[in-house]
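Structure, as structure tokens:
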Amino acid sequence: TAFHRPILSGKESESSSDQKHKVVFIAKSTVSGFWKSVYAGASNAATACNLDLIFEGPKNEEDYETQNQMIAKAVEDGAEVIIFSAVDYEANADAINDAAGKGVKVVVIDSDVDSDGVGVRIGTDNVEAGRMAGRAALQTDWDSLTVGIVNFDLGSRNGQERESGFREALAGDPRVKDIYTINVNADATTAQV
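So the mapping is simple: this note's numbering equals the position in the sequence shown, first residue as 1, plus 69.
What follows is the structure, given as structure tokens:
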């Protein structure tokens, strides 16, 4: 099927058509509505493609150490593919490099990791998304703007790229007097404080 052929290769001819390929999906967390929705789609694809899919993630979107342990366990348990969304662009890199070095195929979805071992990246152009938000913020008649950015954890590449694009869009407008940023955990309650 279209899902597993680009990712899995070589072993298909050695195994029977009834054998399921082992795929471990390590998300940023498993409790948010977003990740539950992603899991539902991945689960449907796994069923259609006859894959053994394990879906897991830490309890919160700041726990890269648990993700690194999950990566190591997936490798130890014989995963052929790890689908991964990094909590921390740099802090998850060594674990992904180790997995790729042991022959595990790595697909990154949503949040990237600093690794050359990633075979496929699926995500958003975060810089452009930030530019779009910046252009929308400038659609005002106000003569002077002071901008506050509530961004999430500094280790998340997505947030940093979005902020970069946002600041880029605001940079040329003389009405923008100040831009302040605060970084918080990916939690609505924390962001409100």
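The beta carbon of each residue, even a glycine, is placed where N, CA and C say it ideally should be. Source: prediction; values computed, not measured.
Asked: Determine, using beta carbons only, whether ASP181 and ALA162 come nearer to each other than 8 Å.; Found: no
Asked: Residues in the same chain with beta-carbon distance under 7 Å from ILE140, minus the five sequence neighbours each way, listed in chain order, please.; Found: ILE95, ILE151, ALA164, ILE165, ALA168
Asked: Which class does LEU207 belong to by DSSP, given the choice of helix, strand or coil?; Found: coil
Asked: So ARG200 packs on GLY234, CB below 8 Å; how close in whole Å?; Found: 4 Å
Asked: Classify PRO263: buried if its beta carbon has 16 or more other beta carbons within 10 angstroms, exposed otherwise.; Found: Since the displayed the chain opens at 70 and closes at 262, residue 263 lies outside it and no answer follows.
Asked: State buried or exposed for TYR249, treating a residue as buried only when at least 16 other CB atoms are found within 10 Å of its CB.; Found: exposed
Asked: In its own chain, which residues sit with a C-beta less than 6 Å from the C-beta of LEU207, not counting the 5 before and 5 after it?; Found: ASP242
Asked: How far does the alpha helix (DSSP H) with ASN113 in it reach, from first residue to last?; Found: 102-117
Asked: Which residue from GLY147, GLU145, GLN138, ALA148 puts its Cα closest to that of ALA155?; Found: GLN138
Asked: Helix, strand or coil for GLU232, going by three-state DSSP, please let me know.; Found: helix
Asked: Could you give the C-beta distance for ASN195 and ASN220, rounded to a whole number, given that I count them as a contact under 8 Å?; Found: Actually they do not touch by this definition, with Cβ atoms about 11 Å apart.
Asked: Between LYS18 and GLY188, which are expected to be in contact by the criterion C-beta below 8 Å, what is the C-beta distance as a whole number of angstroms?; Found: Here the chain covers residues 70 to 262 and nothing more, so residue 18 does not appear.
Asked: Using only CA atoms, which one of VAL92, GLU159, ASP210, ILE191 lies nearest to TYR133?; Found: GLU159
Asked: Tell me whether ARG190 sits in a helix, a strand or coil according to DSSP, three-state version.; Found: strand
Asked: For ARG236 versus LEU214, is the C-beta spacing smaller than 8 Å?; Found: no
Asked: In the DSSP assignment, find the unbroken alpha helix (DSSP H) run with VAL144 in it and report its ends.; Found: 133-145
Asked: Using a Cβ-Cβ cutoff of less than 8 Å, which residues in the same chain neighbour ARG44 once the five nearest sequence positions on both sides are dropped?; Found: With the chain running from 70 to 262 in the structure shown, residue 44 is simply not present.
Asked: Rounded to whole angstroms, what's the CA-CA distance from GLN88 to THR116? Just pull it up for me.; Found: 13 Å
Asked: Is there a Cβ from chain D that is less than 8 Å from the Cβ of ASP179?; Found: This model lacks chain D altogether, as it is built from one protein chain only.
Asked: How long is the line joining the alpha carbons of GLY102 and GLY192, rounded to whole angstroms?; Found: 18 Å
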